[in-house]
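Accompanying notes for the structure given below.
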Ligand code: F6R
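Residue numbers (this note's numbering): 30 to 638.
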């Protein structure tokens, strides 16, 4: 996620901007930039890569001035190259903006602005905001920013600076964090507390829809309707490390809690305004193109592989095309049968996993069409695949993947609905029901995290066992695999996932008194069969924790404990049932004193075979 900073005061803006951005480095970024007003002009400096490159670039001529904005970019729209780095300027160079988030209607606005004579210099969605400001500006900075906000849709935090108003910065936010740091004869803007922690402990947390005018000695808050808001001061007590994690003890826990927002960011730009269809501007497929495929391969590693297993189910169920899922490290060594009538989909959070990249190259060599589902813009798989769908989860820092998985699932679900729509395999009312369910997910994801006491108790109770089983059927089996991986990688407990029907073909021999078995039972078609498997386990005196949907009042009769998730379309259950499993793994690791964010022997991005 991008980092934003702003400064207005009697000191040198550059000093705060560079320090503040350094403090935000943990958020992940691929380029950086600053804009400073030196009393005559606005000087913009940008650089690709680490902040050090930017510091090196300007070290002999640091821009001077007490008004400035800065940004670290984590690419979404447009590759990580200098022209796409922020700040962005209008045609005259008199207005500048930095942005975090996604402007969903940027394509329409861009077309309109180009027709009005504006020249764009980047591929970003952000640039429309500053040209729009130039277009509507009538001498009143605040009023013009308000007009810009009326026109843009999406999620954002934005800071505007203007040469015409050198005493102020104007900022606003919607669904993205933004804070104002309150100093003496200087004030600060930042997307996160760590940026300001060395300068002040007094902050104002900007609320959605507010416009804040920041001067060196005054901060004015304007509500959406133009009325004045109250400056409620928040006293920061966190140390720098706690601030980076947003107050959470670990990045993993922060990222688990970011899932509602991450999924919202992934889905909302892809749902048509009328809520009746999925829009995939990135693909623009038609029936003829789809009919050229006889088969789909999905290839990935680890958590992404588990997500692909769910993706297979979605595509086969909704699109009725056969899908084969492969572990990337196995794929190219087994003479896979692919040709130009095959679509190969590689799934990778980082986009840099070497086995996945090699599998992508192999699929291309064999003539298949290729599509990457990845979280990192400009990553190797994004560059090498013919087409890309980004997951918009924001940077994932903890080694254990959480929000990447749920956003991959959401992306694959939308892809399946999109393809089914083109192939006319789905009726309009059914499509609408599925899309409505998708739109409810962010809120429902939030609900799954509301009460963690029960999960903490299980984690303590069973966290010291050496073995745990996860079982399920159909989609529940795919989630069981992910639950077991999460537990083993961060808590080092031996966890095995099995298709519930496979138990009596071998693993039942390991089921003994007291063994914790986590059973997912959310799929109606196989529900009774799962209950039979639970009975087999209970007959061996194992302890069963069931994962069920809220309207299931049956499961508690057969298991020792139940964790419930909100009711959604059955196909979407994996996005909700995985959350208690992530939390169980997290709290079990805590109970065992493990290093949650950096588990032993593991790396975030596996770039070796
Ligand atoms: C598990 C985990 C790994 C990754 C795997 C693939 O929590 O993070 O299993 O899923 O290494 O990584 P990407 O998705 O970056 O290709």
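All C-beta atoms in this analysis are idealised placements derived from N, C-alpha and C, irrespective of residue type, glycine included.
Small disclaimer: the values here were computed from a predicted structure and weren't measured.
Give the DSSP-derived three-state secondary structure of residue i in the structure shown.
i: residue 185; result: strand
i: residue 353; result: strand
i: residue 102; result: strand
i: residue 124; result: strand
i: residue 66; result: strand
i: residue 423; result: coil
i: residue 679; result: Because the chain in this structure spans residues 30 to 638, residue 679 falls outside the shown range and cannot be described.
i: residue 5; result: Nothing can be reported for residue 5: it is not among the residues displayed for the chain, which extend from 30 to 638.
i: residue 96; result: strand
i: residue 198; result: strand
i: residue 616; result: helix
i: residue 455; result: coil
i: residue 243; result: strand
i: residue 149; result: coil
i: residue 286; result: helix
i: residue 568; result: coil
i: residue 322; result: coil
i: residue 483; result: helix
i: residue 327; result: strand
i: residue 561; result: helix
i: residue 118; result: strand
i: residue 74; result: strand
i: residue 191; result: strand
i: residue 475; result: helix
i: residue 203; result: strand
i: residue 379; result: coil
i: residue 294; result: helix
i: residue 464; result: helix
i: residue 162; result: helix
I believe residue i touches residue j by the beta-carbon criterion, under 8 angstroms. Please report the beta-carbon distance rounded to the nearest angstrom.
i: residue 432; j: residue 284; result: 5 angstroms
i: residue 50; j: residue 99; result: 5 angstroms
i: residue 406; j: residue 108; result: 7 angstroms
i: residue 209; j: residue 233; result: 4 angstroms
i: residue 158; j: residue 181; result: 6 angstroms
i: residue 115; j: residue 187; result: With a Cβ gap of about 10 angstroms, residue 115 and residue 187 do not count as contacting.
i: residue 339; j: residue 82; result: Going by Cβ atoms, the distance from residue 339 to residue 82 rounds to 40 angstroms, so no, they are not a contact pair.
i: residue 421; j: residue 105; result: 7 angstroms
i: residue 113; j: residue 151; result: 5 angstroms
Alpha carbon to alpha carbon, what distance is there between residue j and residue i?
i: residue 457; j: residue 309; result: 17 angstroms
i: residue 617; j: residue 543; result: 17 angstroms
i: residue 254; j: residue 635; result: 50 angstroms
i: residue 453; j: residue 350; result: 13 angstroms
i: residue 455; j: residue 277; result: 42 angstroms
i: residue 392; j: residue 41; result: 53 angstroms
i: residue 286; j: residue 335; result: 20 angstroms
i: residue 573; j: residue 547; result: 6 angstroms
i: residue 102; j: residue 58; result: 5 angstroms
i: residue 194; j: residue 280; result: 39 angstroms
i: residue 620; j: residue 522; result: 12 angstroms
i: residue 549; j: residue 425; result: 26 angstroms
i: residue 499; j: residue 34; result: 45 angstroms
i: residue 302; j: residue 214; result: 45 angstroms
i: residue 204; j: residue 132; result: 12 angstroms
i: residue 117; j: residue 126; result: 5 angstroms
i: residue 415; j: residue 295; result: 20 angstroms
i: residue 236; j: residue 207; result: 8 angstroms
i: residue 554; j: residue 156; result: 50 angstroms
i: residue 520; j: residue 615; result: 8 angstroms
i: residue 598; j: residue 344; result: 16 angstroms
i: residue 262; j: residue 138; result: 37 angstroms
i: residue 585; j: residue 552; result: 16 angstroms
i: residue 460; j: residue 298; result: 17 angstroms
i: residue 469; j: residue 449; result: 21 angstroms
i: residue 518; j: residue 436; result: 20 angstroms
i: residue 473; j: residue 602; result: 11 angstroms
i: residue 288; j: residue 475; result: 8 angstroms
i: residue 372; j: residue 220; result: 40 angstroms
Taking 8 angstroms as the cut-off, does the segment 527-542 touch the segment 437-455 (at least 3 CB pairs, one atom from each stretch)? no
Please determine if the segment 579-591 and the segment 460-473 are in contact, where contact requires at least 3 C-beta pairs separated by less than 8 angstroms. no
Indicate whether the contact test is met: 3 or more Cβ pairs, each with one atom in the segment 55-69 and one in the segment 87-107, closer than 8 angstroms. yes
Quick check on the DSSP output: what are the complete alpha helix (DSSP H) runs of length 4 or more inside the segment 383-437, in order along the chain? 383-394, 409-413
Contact between the segment 323-337 and the segment 163-182 is defined here as three or more beta-carbon pairs at a separation below 8 angstroms; is this criterion met? no
Quick check: the segment 596-614 against the segment 501-512, are there 3 or more CB pairs under 8 angstroms? yes
Kindly confirm or deny that the segment 367-374 and the segment 310-327 touch, where touching means at least three C-beta pairs closer than 8 angstroms. They touch, by the three-pair rule.
Quick test of the definition: if touching needs 3 or more C-beta pairs under 8 angstroms, does the segment 475-486 touch the segment 312-322? no
Which parts of the segment 35-60 are runs of the alpha helix (DSSP H), unbroken and 4 residues or longer, counting only runs that do not cross its ends? Fully enclosed alpha helix (DSSP H) runs of 4 or longer: 42-52.
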